[in-house]
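Engineer: Sequential numbering from 210 applies to the sequence shown in this note's numbering. Positions of the beta carbon are idealized from the N, C-alpha and C atoms, including for glycine. Quick caveat: nothing in here was measured; it's all calculated off a predicted structure.
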Amino acid sequence: FNRDLTVGVSGDDVRALQMWLNTHGYLVASTGPGSAGNETTTFGALTRAALIRFQEAHAAEILTPLGLTRGTGFFGERTKAFIMGMGR
210 FNRDLTVGVS
220 GDDVRALQMW
230 LNTHGYLVAS
240 TGPGSAGNET
250 TTFGALTRAA
260 LIRFQEAHAA
270 EILTPLGLTR
280 GTGFFGERTK
290 AFIMGMGR
């Protein structure tokens, strides 16, 4: 993951994020676009919601150091670092 990701961006890195979320228990979608095996290159509302669930599940490591109490759905440095530390 070489760049920050947020709603509206697209690219193979978005697909990689969706795949990571889906395989680590934070489903982007249960069926259709974004679901396991059907990941897309578009960062939309479903990707954001899954990322928020992930951020809030790991709030102490991701959100608290930034002074946040709720997930943002923004895939920035802190979330990237945490995911990379867990392994892709």
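Could you compute how far the alpha carbon of I261 sits from the alpha carbon of G282?
Structural biologist: 5 Å
Engineer: Within 10 angstroms of the Cβ of G246, are there 16 or more other Cβ atoms? Answer buried if so, exposed if not.
Structural biologist: By the neighbour-count rule (16 or more Cβ atoms within 10 Å), G246 is not buried but exposed.
Engineer: Just curious, the alpha helix (DSSP H) that D213 is in, first and last residue?
Structural biologist: Per DSSP, D213 belongs to no alpha helix (DSSP H) and is neither H nor E.
Engineer: Indicate the three-state DSSP secondary structure (helix, strand or coil) for T240 in the structure shown.
Structural biologist: coil
Engineer: Would you decide whether L255 is buried or exposed? Buried here means 16 or more other CB atoms lie within 10 Å of its CB.
Structural biologist: buried
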